[in-house]
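Heads up: the structure comes next, in C-alpha cells.
Protein chains in written order, with my numbering: chain A, 6 to 190; chain B, 148 to 336.
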C-alpha cells in the first residue's frame with residue numbers, strides 16, 4: 006500500500022526567525038521575522054494551501070497548527086501557541102494566546118487579543134449554519150470545563166504585551182545555545 | 148499493589164540505566180541535559196519532553212529541573228520551567244520535584260515545586276508557578292491555573308482545579324511503597 010503522495014514542502018523562513026531542527030513542518034509555510042518555533046512542534050498544511058505566520062509568534066513544543074482548507078491560513082503577529090495546543094482556525098489576528106492543550110477547530114476566525122484557556126475547546130456555535138465561518142470577536146476569553154466565553158476588559162494589557170516581548174527576546178538568546186536549528190534564509 | 152502485581156516490561160536497550168538506577172527512555176527528548184538532576188531510581192518514559200534549556204538569565208550554572216528519587220514521568224508528558232518578568236527582565240525559574248512523585252501520561256507541568264508523595268493523574272495541566280505541597284493527589288484531567296497552591300493531604304480535580312477531598316494519614320507509607328514497588332516491577336524484557 007502506497008501512501009498518498011505528499012507534495013514537496015515549501016518553507017520560507019525569515020533570517021531572524023528561530024526554527025528548531027526537531028520540528029515537523031509540511032506544506033507551503035511562510036514564517037515571518039522573529040518567530041520562534043520550539044522543538045517537537047508541528048505545522049501542517051494538508052491541501053498544500055499556504056500557511057503564513059506573522060511576526061514574533063511563539064510556537065511551543067507539542068503544538069499543532071493545521072490548515073485543512075483550500076484557502077490560505079493567515080496568522081497575525083505576536084501570537085503565542087503554548088504547549089500541546091491544536092489550532093485549525095481559518096485565520097488568526099494579533100496578540101492571541103492559545104494556552105496548553107487548547108483546541109480550536111476549523112471554520113473559525115479569531116480576531117485580536119483573545120485567550121483560549123488551558124484544556125478548552127473552541128468550535129463554531131451550533132446555532133449557526135453548518136459550514137459557515139464564525140468570527141470570534143477581539144478580547145474574548147474561552148475558559149473552564151464547559152469552554153464558556155466572556156470578554157476581557159483589557160486590564161493589564163500593556164504589561165501582558167511587555168511580558169510577551171521580553172519573553173521572546175530571552176528565548177532568542179537562549180534557544181540557539183541548546184538546540185539545533187534549521188538553517189533559515 | 149502487592150507481591151502479585153504483574154511486572155511492567157520494556158524492550159531491552161530502549162531505556163538507559165544510570166549508575167544511580169535512573170531509567171531514562173532513549174525516545175525521551177531532553178534538552179539542556181546538563182541542567183537536569185535526577186535523584187536516582189527515577190523512571191522517565193517514552194516521548195517525554197524535559198526542557199532543561201530554559202534556564203535563568205543570570206550567568207553561571209543553574210539547575211533547571213531537579214527530580215528526586217523513585218519518581219515517574221509518564222509517556223508524552225512535558226515538563227518545562229515557568230517564566231515571568233523579574234525586575235524588568237524575563238527569566239525562567241527552576242522546577243523542584245521531590246521524592247516519590249508519580250506523573251502519569253500526557254501531563255503538562257509548569258509548576259514551581261512539587262512536594263514528595265504526590266500523584267498527578269493522566270492528562271493534567273499544571274499551570275505556571277503552581278506549588279504542590281507534600282502528599283497530594285491531582286485527579287486525571289485536572290487543570291490547575293497559574294499560581295495555585297495545593298496544600299498537603301488533599302485531593303484536587305476539575306477544570307479549574309478545586310479541592311475535592313482529603314487524604315488519610317497513612318497515605319505517605321502507601322505512596323512510598325507504591326513508588327518503590329513500581330520501580331522494582333519496571334524491568335527489561
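Here a beta-carbon is modelled for each residue, glycine too, at the ideal position from N, C-alpha and C.
- Interface annotation for the segment 217 to 239 of chain B against chain A: 223, 225, 227, 230, 231, 232, 235, 236, 237, 238 and 239, criterion Cβ-Cβ distance under 9 Å.
- By a beta-carbon distance limit of 8 Å, residue 32 (chain A) contacts residue 49 (chain A). Their separation comes to about 6 Å.
- For the segment 172 to 190 of chain A, residues whose beta-carbon sits nearer than 9 Å to a beta-carbon of chain B comprise 172, 173, 174, 175, 176, 178, 179, 180, 182, 183 and 184.
- Take residue 284 (chain B), set aside five residues on each side of it, and the residues of its chain with a beta-carbon closer than 6 Å to its own are 266 and 302, in chain order.
- Annotation for residue 30 (chain A): 14, 16 and 48 place their beta carbon closer than 7 Å to its own, counting only its chain and skipping 5 residues before and after.
- Using a Cβ-Cβ distance cut-off of 8 Å, the segment 132 to 140 of chain A and the segment 150 to 158 of chain A are not in contact, since fewer than three pairs of beta carbons, one from each stretch, lie closer than that value.
- The Cβ atoms of residue 187 (chain A) and residue 35 (chain A) do not sit closer than 9 Å to each other.
- Beta-bridge pairing by DSSP links residue 18 (chain A) to A:36.
- For residue 179 (chain A), the enclosing alpha helix (DSSP H) covers residues 162 to 183.
- The alpha-carbon of residue 183 (chain B) is positioned some 6 Å away from that of residue 211 (chain B).
- Sorting B:204, B:237, B:253 and B:172 by C-alpha distance to the C-alpha of residue 182 (chain A) places B:204 at the top.
- At least 9 Å separates the beta-carbon of residue 261 (chain B) from that of residue 289 (chain B).
- Contacts with chain A at 9 Å (Cβ-Cβ) include residue 201 (chain B).
- Contacts with chain A (Cβ-Cβ distance below 7 Å) from the segment 275 to 303 of chain B involve 290, listed in chain order.
- When A:167, A:84, A:44 and A:46 are compared, the shortest CA-CA separation from residue 59 (chain A) is found for A:84.
- Put simply, the backbone Cα of residue 248 (chain B) is about 19 Å away from that of residue 177 (chain B).
- The beta-carbon separation of residue 192 (chain B) and residue 220 (chain B), rounded to 6 Å, stays under the 8 Å limit for a contact.
- Residue burial is scored here from C-beta neighbours: residue 104 (chain A) has at least 16 other C-beta atoms within 10 angstroms and is therefore classed as buried.
- By the neighbour-count definition (other C-beta atoms within 10 Å, threshold 16), residue 296 (chain B) is an exposed residue.
- Residues of the segment 247 to 273 of chain B with a C-beta atom less than 7 Å from some C-beta of chain A are 255 and 272, listed in chain order.
- Taking all protein chains shown into account, residue 156 (chain A) has fewer than 16 neighbouring C-beta atoms within 10 Å of its C-beta and is therefore exposed.
- Between residue 113 (chain A) and residue 138 (chain A) a beta carbon distance of about 7 Å is seen, short of the 8 Å cut, so the two are scored as contacting.
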